[in-house]
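Be aware that the sequence shown starts at 1, since it is given in full-length UniProt numbering, and climbs by one per residue. Backbone N, C-alpha and C fix where the C-beta goes; we use that ideal spot for every residue, glycine too. Since the structure is predicted, the reported quantities are computational estimates derived from the model, not experimental observations. To start, the structure under review is shown below, and the notes come after it.
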Amino acid sequence: MKKELVEVVSQKEIARHIFELKVQGNVVNEMTSPGQFVHIRVTDTFQPLLRRPISICDVDLESRTLTMLYRKEGTGTALLSQKKEGEKIDLLGPLGNGFPLDELSQGQTALLVGGGIGVPPLYYLAKKLCSQGINVISVLGFQSGDDGFYSEKFAELGEAYVSTVDGSQGTKGFVTDVIKNKDLHYDLLYSCGPTVMLKALELQVPAANGFFSLEERMGCGIGACFACVCHVNGGLPSDYVKVCSDGPVFPIGEVVL
């Protein structure tokens, strides 16, 4: 983990309120585990006070470039969306524990299921798995076609399906509808998205074996503030883990969703 002032390479809105931000810095050399995240300070003042956690979407180690996708929805991300090429951003990372890459062998198949702003960390994961000779099937869920992004990039890495709640793109419905309708077969499931989506996967894909990445509000991002604790399945009421430092990736079934 390092703290560094990284330089903005580019920034653009790629879907409704979804921004793609690319930055460059030496800290990027440490970002080899998909599923980790960074913590960004969006201004030099104390407003807003807290950093913003943003997942790692893609990494180019050769050019030391990090790609992040985020949704502009509050004061912090609104300020972040105003950063221009050449400006500096205070970045802390990489943080948390990413998706394990040694659970599958060459020729096996991984199913990646992402919902909304949970899609970005799966892109770096898909690239890593493909580089190991693992087949990747992706299912991406959005509210509408206007909210969707990166489906073409995922399609370059393997089978890719999209679901939208309003049916304006792909299958009308949810990611679970795609998995059921397409009768997808796989060896391991990786998923990131809203808790309600992860719960549906846990219930509707009962034989699921794999890993969930949890989305949670975080204060410090390093396990000091206890703002992101969640309970452990089968544990005592006092048993908990911290999403930021113990996760955000957990084996399916380990924590209470």
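{"Check": "Length of the line joining the Cα atoms of residue 69 and residue 102", "Outcome": "26 Å"}
{"Check": "Residue 164 - containing alpha helix (DSSP H), residue span", "Outcome": "Unbroken run through residue 164 is the beta strand (DSSP E), 159 to 164; no alpha helix (DSSP H)."}
{"Check": "Residue 202: first and last residue of the uninterrupted alpha helix (DSSP H) it sits in", "Outcome": "195 to 204"}
{"Check": "Rounded C-alpha distance that separates residue 12 from residue 19", "Outcome": "6 Å"}
{"Check": "Beta-ladder partner(s) of residue 69, from DSSP", "Outcome": "20"}
{"Check": "Member of 197, 190, 53, 246 whose CA lies at the smallest distance from the CA of residue 123", "Outcome": "190"}
{"Check": "Other residues of its chain near residue 204: CB distance less than 7 Å, five sequence neighbours each side excluded", "Outcome": "176"}
{"Check": "Distance, residue 106 Cα to residue 114 Cα", "Outcome": "23 Å"}
{"Check": "Same chain, Cβ closer than 8 Å to residue 130, five either side skipped, listed in chain order", "Outcome": "136, 157, 158"}
{"Check": "6 Å Cβ shell around residue 3 - same chain, five flanking residues per side excluded", "Outcome": "92"}
{"Check": "Close-in-space but distant-in-sequence residues of the same chain around residue 221 (CB under 6 Å, 5 per side omitted)", "Outcome": "39, 53, 95, 244"}
{"Check": "Residues bridged to residue 113 [DSSP beta-bridge criterion]", "Outcome": "139, 191"}
{"Check": "Exposure label - residue 14; buried when at least 16 CB within 10 Å", "Outcome": "exposed"}
{"Check": "Three CB pairs or more closer than 8 Å across the region 56 to 66 and the region 82 to 89", "Outcome": "no"}
{"Check": "Exposure of residue 132, with buried meaning 16 or more beta-carbon neighbours within 10 Å", "Outcome": "exposed"}
{"Check": "Given 8 Å, three or more beta-carbon pairs between the region 43 to 52 and the region 70 to 83", "Outcome": "yes"}
{"Check": "Beta-ladder partner(s) of residue 123, from DSSP", "Outcome": "Note: residue 123 sits in no beta bridge, so no partner."}
{"Check": "DSSP state of residue 44 mapped onto helix, strand, coil", "Outcome": "coil"}
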